[in-house]
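Let me begin by presenting the structure, written as structure tokens, before commenting on it.
Residue numbers (our numbering): 23 to 145.
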């Protein structure tokens with residue numbers, strides 16, 4: 023017999039698919055990214071130069087894609103993570119850091135809670 027394999031989204035009823043899409047958008051509603059024109063210009067300048075740490079450039083791209091202001095595109099987290107080849111948790115964490123801690127902290131690396139232990143060679 024010939025079997026046809028359906029993807030998960032094709033095999034689910036429409037209501038379930040819509041509910042699943044809405045649940046994916048849940049955290050986005052809580053951490054809405056609205057950049058000022060100055061913040062957009064700063065982030066676009068960082069990307070245009072291309073110099074700087076890769077993690078900072080990635081976070082700048084995430085914030086520009088997530089921006090819902092009049093100049094932004096307001097992409098959903100799943101689309102951002104797919105387009106930038108990063109995890110959903112990175113996108114959500116970057117949104118949260120911008121809203122709770124500001125632009126510079128959203129672009130910065132998180133400091134370690136405990137410093138690395140020092141290893142001494144010798145006697």
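The beta carbon of each residue, even a glycine, is placed where N, CA and C say it ideally should be.
Using a threshold of 7 angstroms, state whether the C-beta atoms of residue i and residue j are closer than that.
i           : j           : result
residue 76  : residue 117 : no
residue 114 : residue 103 : no
residue 85  : residue 55  : yes
Which value, in whole angstroms, describes the spacing of the CA atoms of residue i and residue j?
i           : j           : result
residue 28  : residue 99  : Its pLDDT being 41, under 50, residue 28 is placed unreliably in this model, and the value from its coordinates should be taken loosely. Rounded to whole angstroms, residue 28 to residue 99 spans 25 angstroms at the Cα level.
residue 65  : residue 142 : 42 angstroms
residue 130 : residue 79  : 10 angstroms
residue 52  : residue 97  : 15 angstroms
residue 81  : residue 112 : 8 angstroms
residue 137 : residue 126 : 22 angstroms
residue 60  : residue 108 : 26 angstroms
Within the same chain, show all residues whose beta-carbon is closer than 7 angstroms to that of residue i, passing over the 5 residues directly before and after it, in chain order.
i           : result
residue 83  : 69 and 106
residue 128 : 81, 85, 116, 119 and 120
Going by beta carbon distance, what residues of the same chain come within less than 8 angstroms of residue i, once the five residues before and after it are set aside?
i          : result
residue 62 : 86, 89, 91, 93 and 94
Residues in its own chain within less than 6 angstroms of residue i by CB, not counting five upstream and five downstream?
i           : result
residue 150 : Residue coverage of the chain in this structure runs from 23 to 145, which leaves residue 150 outside it and unanswerable.
Is there a Cβ of chain E sitting closer than 7 angstroms to that of residue i, yes or no?
i          : result
residue 87 : Included in the structure is just one protein chain, with no chain E present.
Secondary structure, beta strand (DSSP E): runs of 3+ residues fully inside the stretch 64 to 136: none
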